[in-house]
Amino acid sequence: MEEIEAALAAWCIEKNVPFSSLVFTVETRLAQFPHTPLPPTSVLGDFEDQLIDELFTQPEVQDRREQDRTLLRSLYARYRAVPHSLTDDQLALIYAALCIARFNQIRNSMPDGSHIIAEGVPREDVTYYKMAYSALASWQKPSLTALWAYFYLTPYTIGNGGPGETRDLLTQMAWQIRQLGINRQQTANLYTEQDQVGALFSAFFYTEMFRASLTDMSLVMPLSEIDVDPTPPPLMFSPCLARGSYFTAKLMADYNDPSVDTTSLQYITATEAQWMPYLRDIRHNNPESSKAKSGWAQFRYNWLRVLLYIPHIGHAQYSTQAFGAIVRAVTQIMYTYNDLIAAKQLNTSWPQVKRLVACGHLLILSYEAGEIHRREAQSLFQMLVDLLDKHKETWPVCADLIAGFVHAASCFDIEVGPEFAFPPPMPFFGDHLSNGSEENNIHIQQNGQPPLQALLPFDLSFAFDYPTFPMG
C-alpha cells in the first residue's frame with residue numbers, strides 16, 4: 190500500500206490537491222458513541238435473558254458444535270444466580286455475548302435492505318462492548334475464556350468500529366495466544382478437543398490476514414511465530430469465502446517471506462492461475478446461495494489482483510500491464526458493490542470504506558497513466574462518489590472524501606458529484622431465484638469441482654464474514 194500512497198502524494202503535489210482530502214484516516218468509531226444506559230435493575234434480568242435466548246437461536250450459532258456454547262451457557266447461569274462468583278475474563282465473555290445479541294436484535298428490527306441504524310435506537314450493544322473491553326483490561330492474564338470474549342468482540346469492531354479498534358483487539362488476542370501457546374504445535378496439542386483452540390486460533394489468523402491486507406500489510410503476530418495448522422472445525426464456514434481467505438493468507442505469508450519474490454511475473458501469473466477457476470465458478474454457477482457471500486468472495490479475489498500488481502505501478506517496463514490489471518480489478522470491485530446494493534446487502538463497515546478509498550487512489554493513478562478511457566473514467570469516478578455517499582451516514586468523513594475525489598476528477602476535466610448520481614442499481618433477471626438457503630453448499634462437490642481439502646495442505650474453511658456482521 191505504500192507504493193499507492195507515495196505515487197498519489199506525488200500526483201497531489203503536482204496537481205495542487207491536498208493529499209489529506211483523499212485519505213481515510215479515521216481509526217476509531219465505537220469510542221465516539223454516546224453512552225446508552227442499560228435498562229433499570231428491575232427489568233435488566235429479563236432483558237438479558239431475552240438477548241441470550243435470541244443469541245442461541247441464531248443459525249450461525251446453532252451450526253456450531255455444542256461445546257462452543259457450553260461454556261457460555263454455564264457462565265450465564267452463574268451470572269444470573271451468583272454474579273460475584275465470576276472473574277473478569279468470565280464477565281468479559283458474558284458482556285461480549287450480550288453485545289453481539291443486542292446488535293443482532295437491532296439489525297433484525299431494521300427495514301429490509303437498510304444498512305443504517307436509525308437515530309435514537311438505544312445502543313446497549315456498544316455499552317456491553319465497552320463493559321467487555323473494560324473487564325478484559327482489568328483481567329490481563331492468559332485465559333481461554335478471555336480468548337472467547339475476543340472471538341466475539343473482534344468481528345463486532347469490524348462491523349461497527351474502526352480499523353484501529355480492530356487492530357487493538359487483534360493485538361490483545363495475539364498476546365493471549367502467545368501466552369497460552371496456541372500458536373505452537375507442541376503446546377497447542379496439550380489442550381483437549383473441547384477447548385476448541387483450533388477454532389480460536391483460526392478466527393484470529395484469518396481475521397488478522399484480512400485486516401492487514403486492507404491496511405498496512407503488517408501482522409500483529411509474525412508468521413515465524415506460528416507453526417500450527419489453522420484449520421477450524423469442518424463445515425463451520427462458507428467454502429466460497431474460505432477459498433478467498435486461503436489465497437489471501439497465502440499471499441500474505443509469501444509477502445512476509447524474504448525468500449519469496451512476490452513481485453516476479455512468474456509468481457503473479459502462477460498465483461492468478463491458482464484462484465481464477467474459483468472466481469469463474471462463483472460468477473458462472475454461484476452455487477452457494479447468498480449474493481452477499483458471492484460479492485464478498487469476489488472482493489477477495491479482485492483485491493488480491495490489486496495487491497499482486499501494485500509493486501509494478503512504478504516499473505518502467507511492467508507498469509502498463511500492472512495498471513491494466515488493476516483497472517480491471519477496480520472496475521469489478523465497483524460493480525460488486527452495486528450488486529450488494531441491488532441485493533440489499535451493502536454494509537457500511539470500515540473495510541468497505543478503506544477498499545473504496547484505495548480504489549479511488551488507483552483510479553486517479555490509472556487515468557494519469559493513460560490506462561482509462563475518458564468516458565470510462567467519468568463512470569468510474571461517479572460510481573466512486575455514489576458509493577462513498579452510501580457510507581456517509583455511518584462515516585461522516587465520507588462527505589470530505591467525496592469533495593476530495595470530485596476535486597481530483599476535476600483535474601482531468603471530469604465532472605462528477607452527488608448531483609450526477611446514477612439511478613439505484615437493479616438486480617439482474619434471475620437474482621430473485623437465490624433463496625438465501627445453505628442447501629447449495631454441497632453442490633460444489635457434486636458438479637465436478639474438487640473439494641477444498643483436495644487442493645490445500647489443510648482445510649482452510651474459516652471465513653470471517655459472519656452473516657451477523659458487515660465485514661465484506
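Per the working numbering, residue 190 is the first one in the sequence shown, and the count goes up by one each step.
Note that the Cβ used here is the ideal one computed from N, Cα and C, for glycine as well.
Query, Result
"Short Cβ contact (8 Å threshold) for residue 493 with residue 437", "yes"
"Residue 571 and residue 609 closer than 8 Å at C-beta", "yes"
"7 Å Cβ shell around residue 516 - same chain, five flanking residues per side excluded", "555, 560, 561"
"Beta-carbon spacing of residue 286, residue 244 below 8 Å", "yes"
"Outcome for residue 465 when other beta-carbon atoms lying within 10 angstroms are tallied against a minimum of 16", "exposed"
"8 Å Cβ cutoff met for residue 582 and residue 295", "no"
"Whole-angstrom distance between residue 578 and residue 490, CA atom to CA atom", "25 Å"
"Bounding residues of the alpha helix (DSSP H) (the contiguous stretch that carries residue 500)", "Where residue 500 is concerned, there is no enclosing alpha helix (DSSP H), given that its DSSP letter is neither H nor E."
"Cβ neighbours of residue 442 in the same chain (closer than 7 Å, five flanking residues each side left out)", "412"
"Three or more C-beta pairs below 8 Å linking the region 210-224 and the region 539-549", "yes"
"Inside the region 204-256 only - alpha helix (DSSP H) runs reaching at least 4 residues", "230-245, 248-251"
"Environment of residue 224 [buried if 16+ CB atoms lie within 10 Å]", "exposed"
"Selection from 317, 365, 321, 298 that minimises the alpha carbon distance to residue 310", "298"
"Contact set for residue 284: own chain, Cβ-Cβ below 7 Å, skip 5 residues either direction", "317, 320, 321, 324"
"Local conformation of residue 473 per DSSP, three classes", "helix"
"Segment limits, alpha helix (DSSP H) that includes residue 371", "Run containing residue 371: none; DSSP gives neither H nor E here."
"Contact belief for residue 339 with residue 365 at Cβ below 8 Å, rounded distance in angstroms", "7 Å"
"Residue environment, residue 459, which counts as buried when at least 16 other CB atoms sit within 10 Å", "exposed"
"Cutoff 6 Å; reference residue 400; Cβ partners in own chain excluding five residues on either side", "355"
"Between the CA atoms of residue 606 and residue 405 - distance to the nearest angstrom", "30 Å"
"Burial state of residue 291, where buried means 16 or more other Cβ atoms lie within 10 Å", "buried"
"Close-in-space but distant-in-sequence residues of the same chain around residue 363 (CB under 6 Å, 5 per side omitted)", "409, 410"
"N- and C-terminal bounds of the alpha helix (DSSP H) containing residue 402", "386-403"
"Close-in-space but distant-in-sequence residues of the same chain around residue 639 (CB under 7 Å, 5 per side omitted)", "At residue 639, the pLDDT of 34 sits below 50, so the modelled position is not reliable; the number obtained from the coordinates is stated separately. If we look at residue 639 and ignore the five residues flanking it on each side, it has no Cβ neighbours."
"In chain order, each alpha helix (DSSP H) run of at least 4 residues that lies wholly inside the region 525-592", "539-557, 563-579"
"Beta-carbon proximity of residue 523 to residue 569, cut-off 8 Å", "yes"
"DSSP state of residue 602 mapped onto helix, strand, coil", "coil"
"Alpha-carbon spacing of residue 380 relative to residue 386, whole angstroms", "7 Å"
"8 Å Cβ cutoff met for residue 597 and residue 530", "no"
"Close Cβ partners of residue 227 (< 7 Å) along its chain, the five nearest in sequence each way excluded", "233, 313, 316"
"Close Cβ partners of residue 557 (< 7 Å) along its chain, the five nearest in sequence each way excluded", "200"
"Chain-order list of residues whose beta-carbon lies under 8 Å from that of residue 499 (same chain, five-residue window excluded)", "190, 192, 193, 511, 515"
"Beta-carbon spacing of residue 481, residue 471 below 8 Å", "no"
"Counted within 10 angstroms of its Cβ, other Cβ atoms place residue 277 as buried (16 or more) or exposed", "buried"
"Where residue 450 falls: helix, strand or coil (DSSP)", "coil"
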